[in-house]
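Using the working numbering, read the sequence shown as starting at 142 and increasing by one per residue.
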Amino acid sequence: MRIVLIGGGAREHALAWKLRQSSLCDDLICLGGNAGIEQLAECHPMRSDDLDGIARFCQQAKPDLVVPGPELPLVLGLVDKLSAMGFPTFGPSAAGAMLEGSKGFVKDLCAAQGIPTAGFHRVNDADEAKALVKKIGAPIVLKADGLAAGKGVIISHSLDEALDAVDELMANHAELVIEEFMTGPELSFFALADAKGAVPLTSARDYKRAFDGDQGLNTGGMGAYSPVAQATARLEGEVMDRIIEPTLAGLRKQGVTFRGMMFAGLMLTEQGVKLIEYNVRFGDPECQVLMPRLQDDLVELMLGSIHDQLHHRTPKWSDQAALGVVVSDRHYPSGSSDSAEIRGLAELASEADTMIFHAATKRNADGVVVNTGGRVLTAVGLGRTVPEIRGALLPKLTQHLGDNPQLRWRGDIGYHEG
Ligand SMILES: Nc1ncnc2c1ncn2[C@@H]1O[C@H](COP(=O)(O)OP(=O)(O)O)[C@@H](O)[C@H]1O
Ligand SMILES: [Mg+2]
């Protein structure tokens, strides 16, 4: 069959690599792409929010499966549009994508379904927000309601900061969610849904800050690993029963059928596991550590979700752990360097138990791979334990990529596992 993948990050490179392994995949096309995806798929330039452009392309290419990588096309209704044209598309409808697209929507659904989450208020007026902030006091969490590309959450440790945060967020967003501040370790849990229910996948943990020790600015993600030791079978069962299933039931009550990825951001608080947020697609960098561990046919799983044929099959995962280190521009997330050759890529890729997924890369006119933006690639190591993988991967990164002054990476990804 012919598969069209949408996007151009390391997440999509990992998806392309896994889709290619399926015996069902005859032909892979990527709308977007990068120097790595180019080796696996025919690439065409396309913005992932250009729904009309994507639809026109599909009309010509007649894909048997469309796989959107990022959230924006899902929230904008790409699945509704392509499904209506007869092209099977993986992921939720626009109504289902509200799980990611509106934090307020999810909080109301949690309240209606008794799903454990931080206490909250939804507000659309700055004065009302400030009055509530004064009443609740710091620390306090303020969130923009719509998609904000990781820039819509402000955690304030003083009342003054919180009052400023109200103005800052209200300048660009019509609605806020004010949340109780929770503490505890965070992890992510993934499930795959069709119209009949959800099957559990596995766990991961990501690292958002730019520098070691979780210092510096927030980024799209500087690394991740899977599985997380704290995600025991017992915890996973609890998350399915108390969070994932009641979410689907709540959506059903509103007439919404959810199909696709349920990516739950969780916090292990003293009162038990609580939902922080949902995403409705694979994470980046989480996807880069999930795909190498998946021991099932990704195309079959995606078609199962689209055609309501998951039949409670539980996808199998390797016992091995995977650890991904994002290699970024040295100025990321504040800017990026000029394009320059990325030296040592082939040598790094040929190391045992090591994979490279490209992000902001391209081949220049001479066929040389150069950096083109903030997150340049994810290097993934596989092995028995997270500390073992980190111990093996970091020296390889220094040895092969150390010669590229435009690049940097964190050295402590996975520190939660020792
Ligand atoms: N209620 C809360 N209490 C404490 N920390 C929170 C709370 N909500 C969010 N956070 C922190 O802020 C981060 C971002 O919030 P999240 O809801 O995941 O938004 P997004 O990923 O869309 O930026 C979380 O990963 C968590 O570290
Ligand atoms: Mg988050």
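Heads up, the beta-carbon is just placed ideally off N, CA and C, and yes, glycines get one too.
I need the straight-line Cα distance from I147 to L444, nearest angstrom please.
Translated into the one-based positions of the sequence shown, residue 147 becomes position 6. Translated into the one-based positions of the sequence shown, residue 444 becomes position 303. Approximately 16 Å, taken between the alpha carbons.
Buried or exposed: M226, going by 16 or more other Cβ atoms within 10 Å of its Cβ?
Position 85 of the sequence shown, counting from 1, holds the residue named residue 226. Exposed is the call here.
Since S344 and P368 should fall inside the 8 Å C-beta cutoff, what is the C-beta to C-beta distance between them, to a whole number of angstroms?
For the purposes of this step, residue 344 is taken as residue 203 along the sequence shown, with counting starting at 1. For the purposes of this step, residue 368 is taken as residue 227 along the sequence shown, with counting starting at 1. Yes, S344 and P368 are in contact; Cβ-Cβ is about 5 Å, under 8 Å.
Name the two residues that bound the continuous alpha helix (DSSP H) containing F198.
Position 57 of the sequence shown, counting from 1, holds the residue named residue 198. Counting along the chain, the alpha helix (DSSP H) containing F198 begins and ends at 192-202.
Are the segment 319-333 and the segment 402-422 in contact at 8 Å, needing three or more beta carbon pairs?
The answer is yes - the segment 402-422 touches the segment 319-333, with three or more Cβ pairs under 8 Å.
May I have the straight-line CA-CA distance separating D286 from K271, to the nearest angstrom?
Taking the sequence shown and counting its residues from 1, the one referred to as residue 286 is at position 145. Taking the sequence shown and counting its residues from 1, the one referred to as residue 271 is at position 130. One C-alpha to the other measures close to 16 Å.
Shortest alpha-carbon distance to A155 belongs to which of G465, N359, D335, P474?
Sequence index remark: in the sequence shown, residue 155 carries index 14 (1-based). Comparing Cα positions, the closest option is G465.
When the distance is taken between beta carbons, is H499 closer than 9 Å to E510?
Walking along the sequence shown from the start, residue 510 turns up at place 369. Walking along the sequence shown from the start, residue 499 turns up at place 358. According to the sequence provided, residue 510 is Val. The question's Glu does not apply to it. Contact: yes.
Could you check the C-alpha separation between E269 and E302 for me, to the nearest Å?
By one-based count along the sequence shown, residue 269 stands at place 128. By one-based count along the sequence shown, residue 302 stands at place 161. Cα-Cα distance, rounded: 16 Å.
I'd like to check one pair, A370 with E529: are the Cβ atoms closer than 9 Å?
Translated into positions along the sequence shown, residue 529 becomes position 388. Translated into positions along the sequence shown, residue 370 becomes position 229. Not in contact: E529 and A370 (Cβ atoms no closer than 9 Å).
Specify the secondary structure class of A487 as computed by DSSP and reduced to three states.
Locating residue 487 in the sequence shown gives position 346, where the first residue counts as 1. Helix at A487.
Could you check how far apart the C-beta atoms of A471 and S480 are, in whole angstroms? I think they sit under 8 Å.
Within the sequence shown, residue 471 is the residue found at index 330, counting from 1. Within the sequence shown, residue 480 is the residue found at index 339, counting from 1. Correcting the residue identity first, residue 471 is Arg in this sequence and not Ala. Incorrect: roughly 14 Å between the Cβ atoms, too far for contact.
Considering only heavy atoms of ligand 1, does any lie closer than 8 Å to the CB of G291?
Numbered from 1 along the sequence shown, position 150 holds the residue referred to as residue 291. At least one heavy atom of ligand 1 is nearer than 8 Å to the Cβ of G291, so yes.
Where in the segment 260-297 do unbroken runs of the beta strand (DSSP E), each at least 3 residues long, occur, reported from the N-terminal end onward?
Listed in chain order, the complete beta strand (DSSP E) runs (minimum 3 residues) inside the segment 260-297 are 261-264, 281-285, 294-297.
Assuming R143 is part of the beta strand (DSSP E), what are its boundary residues?
Position 2 of the sequence shown, counted from the start, is the residue given in the question as residue 143. Looking at the DSSP string, the run of the beta strand (DSSP E) that includes R143 is 143-148.
Using the three-state DSSP reduction, which class does H185 fall into: helix, strand or coil?
Residue mapping note: residue 185 aligns to position 44 of the sequence shown, counting from 1. If DSSP states are grouped into helix, strand and coil, H185 belongs with the strands.
Taking E212 and N420 to be in contact with their CB atoms under 8 Å, please state how far apart those CB atoms are, rounded to whole angstroms.
Residue mapping note: residue 212 aligns to position 71 of the sequence shown, counting from 1. Residue mapping note: residue 420 aligns to position 279 of the sequence shown, counting from 1. That belief holds up - the Cβ atoms of E212 and N420 are roughly 7 Å apart, short of 8 Å.
Report buried or exposed for L392, applying the criterion of at least 16 other Cβ atoms within 10 angstroms of its Cβ.
Translated into positions along the sequence shown, residue 392 becomes position 251. By the 10 Å Cβ count, L392 comes out buried.
Along the chain, where does the alpha helix (DSSP H) that runs through R161 open and close?
The residue labelled residue 161 in the question sits at position 20 within the sequence shown. Per DSSP, R161 belongs to the alpha helix (DSSP H) from 151-161.
Closest to G210 by C-alpha separation, out of D494, A176, V145, R161, would be which residue?
Looking up residue 210 in the sequence shown gives position 69. Answer by Cα proximity: V145.
Using the beta-carbon count (16 or more within 10 Å), is E153 buried or exposed?
Position 12 of the sequence shown, counted from the first residue, corresponds to residue 153. Per the 10 Å Cβ criterion, buried.
Does the beta-carbon of R504 have 16 or more other beta-carbons within 10 angstroms, so that it is buried, or is it exposed?
Position 363 of the sequence shown, counting from 1, holds the residue named residue 504. Exposed, because fewer than 16 other Cβ atoms sit within 10 Å of the Cβ of R504.
Express the C-alpha separation of T519 and F352 in angstroms, rounding to a whole number.
The count along the sequence shown starts at 1 and reaches residue 352 at position 211. The count along the sequence shown starts at 1 and reaches residue 519 at position 378. So the alpha carbons of these two residues sit roughly 16 Å apart.
When you measure from the CB of M408 to every non-hydrogen atom of ligand 1, does any distance come out below 8 Å?
For the purposes of this step, residue 408 is identified with residue 267 of the sequence shown, where counting begins at 1. Yes; taking the cut-off as 8 Å, the Cβ of M408 has a heavy atom of ligand 1 nearer than that.
Going straight from the alpha carbon of V307 to that of Q200, what length do you get?
The sequence position of residue 307 within the sequence shown is 166, counting from 1. The sequence position of residue 200 within the sequence shown is 59, counting from 1. If you take the alpha carbons of V307 and Q200, they lie about 45 Å apart.
First and last residue of the beta strand (DSSP E) that includes M403?
On the sequence shown, residue 403 is found 262 positions in, with the first residue counted as 1. Start and end: 401-410.
Looking at the secondary structure, which residues open and close the beta strand (DSSP E) in which G89 lies?
Residue 89 falls outside the range modelled here, since the chain spans only 142 to 559, and no answer is possible.
Could you check whether the Cβ of E418 sits closer than 8 Å to any heavy atom belonging to ligand 2?
Position 277 of the sequence shown holds residue 418. Checking every heavy atom of ligand 2 against the Cβ of E418, one is found closer than 8 Å.
Go to A225, then tell me how far its alpha helix (DSSP H) extends in each direction, as first and last residue.
Start at 1 with the first residue of the sequence shown, and residue 225 comes out as number 84. Its alpha helix (DSSP H) spans residues 219-225.
Could you pull out every residue in the same chain whose Cβ sits closer than 7 Å to the Cβ of A372, ignoring the five residues on either side in sequence?
Here the question's residue 372 lines up with position 231 in the sequence shown. Here the set comprises L328, F330, S344.
List, from N- to C-terminal side, the alpha helix (DSSP H) runs of 4 residues or more that fit wholly inside the segment 343-388.
If we require 4 residues or more, the alpha helix (DSSP H) runs fully inside the segment 343-388 come out as 374-380.
Taking C-alpha atoms, which residue in G177, L160, A176 lies nearest to L169?
Here the question's residue 169 lines up with position 28 in the sequence shown. Looking at the Cα atoms, L160 is the closest of the given residues.
Considering only residues of the same chain and omitting the five flanking positions on each side of E418, which have a CB-CB separation below 6 Å?
Taking the sequence shown and counting its residues from 1, the one referred to as residue 418 is at position 277. Same-chain partners within the cutoff: G406.
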